[in-house]
Amino acid sequence: MERGDARTVTAEQGPRPGPLSGWAWWWIPLAVFAASRVVSSVMLLLAGPDQIPVTGEEEHFPRDPSFADLLSTWDGRWYRVIATDGYPTDLPREGDAVVKNVWAFYPLVPGLARLLMLGGLGHVWAASTVAMVTSAAACVVLFAMVRERSDDFTAALAVATLVLGPIGAVFQTTYTEGSALLLVLLTLRALGARQWGRVVAYGLLLAFTRPITLALAAVCGLTWVLLWWRRDTEPFPSRDRVRLAATTVVLALSFLAWPAIAGIATGERDAYRTTQAAWLHPEAVWTTWLSGAGRARLVPGRADRHRHDGARGVGGGPT
259 MERGDARTVT AEQGPRPGPL SGWAWWWIPL AVFAASRVVS SVMLLLAGPD
309 QIPVTGEEEH FPRDPSFADL LSTWDGRWYR VIATDGYPTD LPREGDAVVK
359 NVWAFYPLVP GLARLLMLGG LGHVWAASTV AMVTSAAACV VLFAMVRERS
409 DDFTAALAVA TLVLGPIGAV FQTTYTEGSA LLLVLLTLRA LGARQWGRVV
459 AYGLLLAFTR PITLALAAVC GLTWVLLWWR RDTEPFPSRD RVRLAATTVV
509 LALSFLAWPA IAGIATGERD AYRTTQAAWL HPEAVWTTWL SGAGRARLVP
559 GRADRHRHDG ARGVGGGPT
């Protein structure tokens, strides 16, 4: 194959999505997202009165929560502490055991909320604004990625499936899902375009948003293998091989960045690990969605207690 032919194959068949252009379509994902916020707000308001009170933590889980309470409940309270007070230099303990604390949570999103709070917004509304802006941007990127390979209807359906699904409400709460999703999509888009510098930049931001860069490093590694396997039909020059390999290593190492910072700031090398361990249930290796369900039993007179245990198992861990 001639060199000129190789460039033609890359242009026509290679995974190189073009730049976002023709922005007349961008109102579609934004309209879908806006409509979904109406739906999720109604769902939160209807479900709020049924929230299970947590004994001893009524301040954080009130029996009759307001809409603001619903937006900032569960792990939202930890992000509020970070935005208002930052991180402690000493790990809180009860006896010799490290207890739940903010070092389990990553700083980028509460840092953005803090910037908005400087303008006078309270934490709930500042953090919710960050969540909705980043989630809306993620919808635009998702729409564009699907649209490049299909049509507007399929792209709109993909966005609607995401934001109207069971987890849809989280895209306006004081959580990090919207920001993380945006960075993941931007990373994947840059990876498909072989923009290695952008992959690293987005990955490093993600390393301070949620602990998922190790998974992205695995994706980069698999991409390297796939491109090498297809090198006879899709050019994979030595320069790209080296850069993608380096990108994979950087993303893998970035997974350790926040635990390292926690260790340095507190003077305890395993600060992050011991903080995460504070959320473990004594009977489980790791708390999952099934942890509470496995303990629930329909025993007369004990249903409320088991429902309470299940609620803590589902929502009590850091996200």
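The sequence shown begins at 259 in the working numbering and counts up one residue at a time. Think of the CB as a built atom: it goes at the ideal place given N, C-alpha and C, for glycine as much as any other residue.
In this structure, DSSP gives Glu-435 a helical state, which the three-state scheme calls helix.
Taking one beta carbon from each stretch, the region 497 to 509 and the region 530 to 538 have fewer than 3 pairs nearer than 8 Å; the two do not touch.
By alpha-carbon distance to Val-297, the top candidate from Val-507, Ile-425 and Ile-519 is Ile-425.
When DSSP states are grouped into helix, strand and coil, Ala-355 belongs to the strand group. By the Cβ test, the region 319 to 337 is in contact with the region 373 to 385, since at least three Cβ pairs between them sit closer than 8 Å. Val-417 is positioned such that its CB atom lies closer than 7 Å to that of Pro-287.
Measuring C-alpha to C-alpha distances from Thr-524 to each of Ala-475, Asn-359 and Gly-455 identifies Asn-359 as the nearest. Around the CB of Pro-346, fewer than 16 other CB atoms lie within 10 Å, so the residue is classed as exposed.
A Cβ-Cβ contact shorter than 7 Å links Ser-512 with Gly-461. In the structure shown, Gly-380 falls within a coil segment according to DSSP collapsed to helix, strand and coil. DSSP places Ala-523 within a helical segment (H, G or I) once states are collapsed to three. The DSSP-derived three-state label of Gln-453 is coil. Using a 10 angstroms sphere on the CB of Asp-333, the tally of other CB atoms reaches 16 or more, which defines it as buried. Taking C-alpha positions only, Val-356 is separated from Leu-349 by approximately 7 Å.
Restricting attention to alpha helix (DSSP H) runs no shorter than 4 residues, the region 450 to 536 encloses them at 454 to 464, 471 to 487, 496 to 512, 515 to 524 and 529 to 535, ordered along the chain. Per DSSP, the continuous alpha helix (DSSP H) segment holding Ala-326 begins and ends at 325 to 329.
Three or more beta-carbon pairs separated by less than 8 Å link the region 382 to 401 to the region 440 to 449, which places the two stretches in contact. For Phe-411, the number of other beta carbons within 10 angstroms of its own is below 16, and it is reported as exposed. Within the same chain, Ala-475, Cys-478, Gly-479 and Trp-482 come within 7 Å of Thr-506 by CB-CB distance, once the 5 residues on both sides are set aside.
Collapsing the DSSP output to three states places Arg-407 in coil. Tyr-337 sits in a helix when the DSSP states are folded into three classes. Residues of the same chain with a CB within less than 7 Å of the CB of Asp-322, apart from the 5 flanking positions on each side, are Pro-307 in chain order. For Ile-286, the enclosing alpha helix (DSSP H) stretches over residues 285 to 305. Around the beta-carbon of Trp-336, 16 or more other beta-carbon atoms lie within 10 Å, marking it buried.
Annotation: Val-428 to Ala-465 spans about 20 Å, alpha carbon to alpha carbon.
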